[in-house]
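Sequential numbering from 135 applies to the sequence shown in my numbering.
First up is the structure itself, then whatever we jot down about it.
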Amino acid sequence: MSHVGKNIRKLRTVKKLSQAAFAELFGLARPSVGAYEEGRSEPKMETLTRIAHYFGLSVDLLLTKELTVNELYNFDVFREGTAAAPPPQPVSSPSLLGDTTPLVPGSRAPEYIVRHHDPAYLASLPWLKLPHQLSGPTRAFEIRGAEMQQPKRQGLRHKDVVLTSRVSLSPGSVQKGSIYVFVTPGKILVRRVAGLLAEGQRLQLRADNADYSPQE
Numbered sequence: 135m136s137h138v139g140k141n142i143r144k145l146r147t148v149k150k151l152s153q154a155a156f157a158e159l160f161g162l163a164r165p166s167v168g169a170y171e172e173g174r175s176e177p178k179m180e181t182l183t184r185i186a187h188y189f190g191l192s193v194d195l196l197l198t199k200e201l202t203v204n205e206l207y208n209f210d211v212f213r214e215g216t217a218a219a220p221p222p223q224p225v226s227s228p229s230l231l232g233d234t235t236p237l238v239p240g241s242r243a244p245e246y247i248v249r250h251h252d253p254a255y256l257a258s259l260p261w262l263k264l265p266h267q268l269s270g271p272t273r274a275f276e277i278r279g280a281e282m283q284q285p286k287r288q289g290l291r292h293k294d295v296v297l298t299s300r301v302s303l304s305p306g307s308v309q310k311g312s313i314y315v316f317v318t319p320g321k322i323l324v325r326r327v328a329g330l331l332a333e334g335q336r337l338q339l340r341a342d343n344a345d346y347s348p349q350e
């Protein structure tokens, strides 16, 4: 069961935003906000991502948990004077330059593996405007599963979105302890680099969730 409608209503009410003001903030039609709150429809992933980033929450929390006011205070959502991070903005004209990047929804991961070098396919993906200081081509990936979730719901959770930039796998380019997204022939893998194995310069990868075994 999704709790996104109730959470949107709570966010809007505590922040003293009318449905019209909330709609304007995220580029929505006012009736859409009402439909979300009444459970007649749910926001698209791009909209959920923008709402989550704006209020400093994860997409997973918006969807799967009915949040209390105390929990929202813990996420700095309602503390006065706390500057909200700028929300990602959808763009109608994709560009490989600047701070626009394609979003790869989890449902389209198998397709991305096959077609990620195809410019026409990349242009067909949802694109977001995400201010960043990364260099080179960027991609935003929707996390699927709990492999990178840490105790007490910390870390990367199901349906979170990570922004990445392309890096070389040459020695010295990959940093131990950092998280990387690997596009393999079988799946898109999000893992932390645990070490570099000398034989063949293979990487040792681990999930932040202790229930998952290390990989090479």
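Quick reminder that beta carbons are idealized off the backbone N, C-alpha and C, glycines included.
If you're wondering where the values come from, they're calculated on a predicted model, not measured in any experiment.
Within the DSSP bridge table, the entry for residue 297 names 274 as partners. Of all alpha-carbon atoms in 155, 196, 191 and 273, the one lying nearest the alpha-carbon of residue 176 is that of 196. One Cα belongs to residue 325, the other to residue 318, and the distance between them is close to 12 Å. Per DSSP, residue 259 lies in no beta strand (DSSP E) and is assigned neither H nor E. Between the beta-carbon of residue 138 and that of residue 170 there is about 7 Å, and that keeps the pair under the 8 Å contact cut. DSSP places residue 317 in the uninterrupted beta strand (DSSP E) bounded by 313-317. Within 10 angstroms of the beta-carbon of residue 239 lie 16 or more other beta-carbons, which makes it buried. In this structure, the alpha-carbon of residue 310 lies about 21 Å from that of residue 291.
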